[in-house]
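Student: The sequence shown: position 108 = 400 (our numbering), numbered continuously.
Structure below; questions to follow.
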Amino acid sequence: QVQLVESGGGLVHPGGSLRLSCTASGFTISTYAMNWYRQAPGKERELVANITNGSTNFADSMKGRSTISRDDAKNTVYLQINNLKPEDTAVYLCNAEGGTLWYPLTFWGQGTQVTVSS
């Protein structure tokens with residue numbers, strides 16, 4: 293059974309840090325593009341970070357204060373966010389994209405809530 297399970301969210305003060313985890317089962321993350329999205333109330337889902345074959349990309353809002361990494365042995369992807377801001381408050385969702393051009397595969401986790409507030 294394919295599953296993505298996020299963890300690590302919570303309530304943090306502005307300027308704090310969090311490390312989000314996304315553990316996959318039922319498939320191997322090393323063969324997928326792994327993405328972190330976030331969705332705030334009333335806003336569209338936003339891609340914030342991606343790791344594909346070791347290359348990483350970040351949304352402008354995340355550059356300079358975030359890292360994304362992958363532990364293939366644990367089949368887990370991490371998103372470290374530093375200097376958190378109230379506008380980072382959202383549900384953070386893990387996404388895997390792979391498969392083939394003719395049979396693409398996409399998996400989503402349920403998300404983990406991040407709340408940044410004093």
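For every residue, glycine included, the Cβ atom is placed at its ideal position computed from N, Cα and C.
What you are looking at is a predicted structure, and each value in this text was computed from that prediction instead of being measured.
So does the segment 328–336 actually touch the segment 391–398, counting three or more Cβ pairs closer than 8 angstroms?
Tutor: no
Student: For a test of the three-state rule: what should DSSP assign to residue 352, helix, strand or coil?
Tutor: coil
Student: Determine whether the beta carbon atoms of residue 343 and residue 383 lie at a separation below 8 angstroms.
Tutor: no
Student: Tell me which residue opens and which closes the beta strand (DSSP E) that residue 328 is part of.
Tutor: 325–331
Student: Just to confirm, are residue 363 and residue 373 a CB contact at a threshold of 8 angstroms?
Tutor: No.
Student: What residue range does the beta strand (DSSP E) around residue 363 cover?
Tutor: 358–363
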